[in-house]
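First residue of the sequence shown? That's 202 in the numbering used here, and the numbers climb one at a time after it. Think of the CB as a built atom: it goes at the ideal place given N, C-alpha and C, for glycine as much as any other residue. Since the model is a prediction, treat every value here as computed from it, not as a measurement.
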Amino acid sequence: MAGEKFDSKSFNPQAFGAYTERIPNLKRNELIKSKALKGNQDIKRTFNSQTGTVYAVLPMHGLIGGTAQNYDGETDLESEGTETFERGVVVIGRMKGWTERDFSEDVTGGVSFMDNVAAQVSDYKADLDQLTLTKILTGIFAMTGKDDKVFVDEHTTDITGVTATDKDGNVKNVVQADTLNTAIQKAAGDNKSKFTMAIMHSTVATNLENLKLLKYMTQTDANGVERELTLATWNGRLVLIDDSMPTEDVPEVEESGTSGNPGYIPAQPAYTKYTTYVLGDGAFDYEDIGAKVPYEMYRDPKKHGGEDTLYMRQRKVFAPYGISFTRKSMAAKSPTDDELANGANWELVNNGKAGSAKKTIKHKAIPIARIISRG
Numbered sequence: 202m203a204g205e206k207f208d209s210k211s212f213n214p215q216a217f218g219a220y221t222e223r224i225p226n227l228k229r230n231e232l233i234k235s236k237a238l239k240g241n242q243d244i245k246r247t248f249n250s251q252t253g254t255v256y257a258v259l260p261m262h263g264l265i266g267g268t269a270q271n272y273d274g275e276t277d278l279e280s281e282g283t284e285t286f287e288r289g290v291v292v293i294g295r296m297k298g299w300t301e302r303d304f305s306e307d308v309t310g311g312v313s314f315m316d317n318v319a320a321q322v323s324d325y326k327a328d329l330d331q332l333t334l335t336k337i338l339t340g341i342f343a344m345t346g347k348d349d350k351v352f353v354d355e356h357t358t359d360i361t362g363v364t365a366t367d368k369d370g371n372v373k374n375v376v377q378a379d380t381l382n383t384a385i386q387k388a389a390g391d392n393k394s395k396f397t398m399a400i401m402h403s404t405v406a407t408n409l410e411n412l413k414l415l416k417y418m419t420q421t422d423a424n425g426v427e428r429e430l431t432l433a434t435w436n437g438r439l440v441l442i443d444d445s446m447p448t449e450d451v452p453e454v455e456e457s458g459t460s461g462n463p464g465y466i467p468a469q470p471a472y473t474k475y476t477t478y479v480l481g482d483g484a485f486d487y488e489d490i491g492a493k494v495p496y497e498m499y500r501d502p503k504k505h506g507g508e509d510t511l512y513m514r515q516r517k518v519f520a521p522y523g524i525s526f527t528r529k530s531m532a533a534k535s536p537t538d539d540e541l542a543n544g545a546n547w548e549l550v551n552n553g554k555a556g557s558a559k560k561t562i563k564h565k566a567i568p569i570a571r572i573i574s575r576g
């Protein structure tokens, strides 16, 4: 493929797509290997078998339960049914184009840029998917319904207000050796072992490095030399370092009132809140639904003396386990980043009923949590 003329006559979209898939893509590959992203054939069949489908409500079966009766030969046995929950799933479509001029190749001595473009498209799509996941996570932690709020509260560990220090004098409002374990136990109880990875800002990762809590993975190259990778683990969970993780700047607070009196507000320096997301096995169902023409070339021989444009389109599903997309605030047939981050568009999977008859999935079954810290 390398060295082919990059124009609309010789461009092979299938070969180009396969080529970009062969480019190493650490973010996406490690997400999949962590099992946080899991394929779902029901989702794939639903969106591939129906023309024009962009949103679907899929059934999600509830668990059996109830108190066992005494088997004594006298008591009549009573049976119960299971609830069928409804889960809204949406296809997220994105597209982008890149243009290169013939003259650029002329003045560089005929340097071919096909390999470079393919590598950059692969990285671009990985960053795009990571941004989509971040926006979805922002949205689900912005849910406000009664049961939804229980999930948000129990799956959030916020240590930014903690001012105590440990036995070594370390301030506890930054992540420590026990922060991750405490957070996932709070979220999932005895189901905490399902959590397999964390995505964090480099500031948080640097703090963990300084505390010697991060262990970087190594890889042996073709020459037998062992090299340290940018991938690490924290308490055995894979760590992805990404500065697109949410941050919030908290302004300085000036001292107000008199110490010891009602209404006294102590001075507080400005600081930044960092959000770390912790995901478990099957946290997201993921399917690449595909577009009719995922890659396409267009040549304009007149503009700028000749130029080629590569167009990329994708349609994917990232569906958080146990959480339903409601599309209450979605204007078009694909949600924007802002709409994905809108809590009004998300709710816990439920049986579709109202009032006291409404039942939702148990929040501890959802392997998604977050840690908010000052670093």
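Buried versus exposed, by CB contacts within 10 Å (16 or more), residue i
{"i": "D539", "result": "exposed"}
{"i": "P502", "result": "exposed"}
{"i": "M446", "result": "buried"}
{"i": "I435", "result": "Here residue 435 turns out to be Trp, not Ile, going by the sequence shown. Buried, because 16 or more other Cβ atoms sit within 10 Å of the Cβ of W435."}
{"i": "T380", "result": "buried"}
{"i": "T345", "result": "exposed"}
{"i": "L414", "result": "buried"}
{"i": "N271", "result": "exposed"}
{"i": "K336", "result": "buried"}
{"i": "I244", "result": "buried"}
{"i": "I341", "result": "buried"}
{"i": "N374", "result": "buried"}
{"i": "D486", "result": "buried"}
Straight-line Cα distance separating residue j from residue i
{"i": "Y325", "j": "I293", "result": "16 Å"}
{"i": "A388", "j": "W299", "result": "43 Å"}
{"i": "V353", "j": "K565", "result": "11 Å"}
{"i": "L238", "j": "D509", "result": "35 Å"}
{"i": "G576", "j": "T407", "result": "8 Å"}
{"i": "A433", "j": "T333", "result": "23 Å"}
{"i": "E412", "j": "T404", "result": "Reading the sequence as shown, one finds Leu at residue 412 and not Glu. Between L412 and T404, the C-alpha separation is close to 13 Å."}
{"i": "G458", "j": "D359", "result": "27 Å"}
{"i": "A327", "j": "D443", "result": "12 Å"}
{"i": "A532", "j": "Y256", "result": "13 Å"}
{"i": "V308", "j": "G506", "result": "In this predicted model, V308 has a pLDDT of only 49, less than 50, meaning its place in the structure is not dependable; the value taken from the coordinates is given anyway. The alpha-carbon atoms of V308 and G506 are separated by roughly 13 Å."}
{"i": "A484", "j": "T397", "result": "10 Å"}
{"i": "F248", "j": "K517", "result": "10 Å"}
{"i": "K493", "j": "A384", "result": "43 Å"}
{"i": "Q386", "j": "A378", "result": "14 Å"}
{"i": "M513", "j": "T221", "result": "12 Å"}
{"i": "I490", "j": "R246", "result": "9 Å"}
{"i": "K554", "j": "V351", "result": "19 Å"}
{"i": "E355", "j": "N552", "result": "22 Å"}
Contact check, residue i vs residue j, beta carbons under 7 Å
{"i": "R571", "j": "T473", "result": "no"}
{"i": "V376", "j": "S574", "result": "yes"}
{"i": "A542", "j": "T285", "result": "no"}
{"i": "I562", "j": "V550", "result": "yes"}
{"i": "M261", "j": "R288", "result": "yes"}
{"i": "A468", "j": "E488", "result": "no"}
{"i": "V479", "j": "A545", "result": "no"}
{"i": "L259", "j": "V290", "result": "yes"}
{"i": "G218", "j": "Y496", "result": "yes"}
Nearest residue (CA-CA) to residue i, options the options
{"i": "T361", "options": "D303, A406, E449", "result": "E449"}
{"i": "A343", "options": "P463, T285, N382, I524", "result": "I524"}
{"i": "K347", "options": "I569, I567, P568, W547", "result": "W547"}
{"i": "G267", "options": "D273, M296, L278, F519", "result": "L278"}
{"i": "L511", "options": "L329, M296, V255, Q242", "result": "M296"}
{"i": "G535", "options": "Y522, G553, Q515", "result": "The question names Gly, but residue 535 in the sequence shown is Ser. Selected option, being the one with the closest Cα: Q515."}
{"i": "G481", "options": "R438, K554, F217", "result": "R438"}
{"i": "S394", "options": "N382, Y465, G274", "result": "N382"}
{"i": "P452", "options": "A471, S557, Y465", "result": "A471"}
{"i": "E281", "options": "E275, N552, T527, A269", "result": "A269"}
{"i": "G240", "options": "H402, M513, P521, A320", "result": "P521"}
Opening and closing residue of the alpha helix (DSSP H) in which residue i lies
{"i": "I385", "result": "380-389"}
{"i": "E540", "result": "538-541"}
{"i": "L409", "result": "403-411"}
{"i": "E284", "result": "Here E284 belongs to no alpha helix (DSSP H), and DSSP marks it neither H nor E."}
{"i": "K350", "result": "347-355"}
Limits of the beta strand (DSSP E) - the one that residue i falls within
{"i": "G298", "result": "293-302"}
{"i": "T473", "result": "472-481"}
{"i": "P452", "result": "Per DSSP, P452 belongs to no beta strand (DSSP E) and is neither H nor E."}
{"i": "P521", "result": "508-521"}
{"i": "E488", "result": "485-489"}
{"i": "L414", "result": "No beta strand (DSSP E) holds L414; DSSP gives it neither H nor E."}
{"i": "I442", "result": "438-442"}
{"i": "A570", "result": "569-574"}
{"i": "E278", "result": "The sequence shown places Leu at residue 278, rather than the Glu named in the question. No beta strand (DSSP E) holds L278; DSSP gives it neither H nor E."}
{"i": "V258", "result": "256-262"}
{"i": "F526", "result": "524-526"}
{"i": "Y496", "result": "496-501"}
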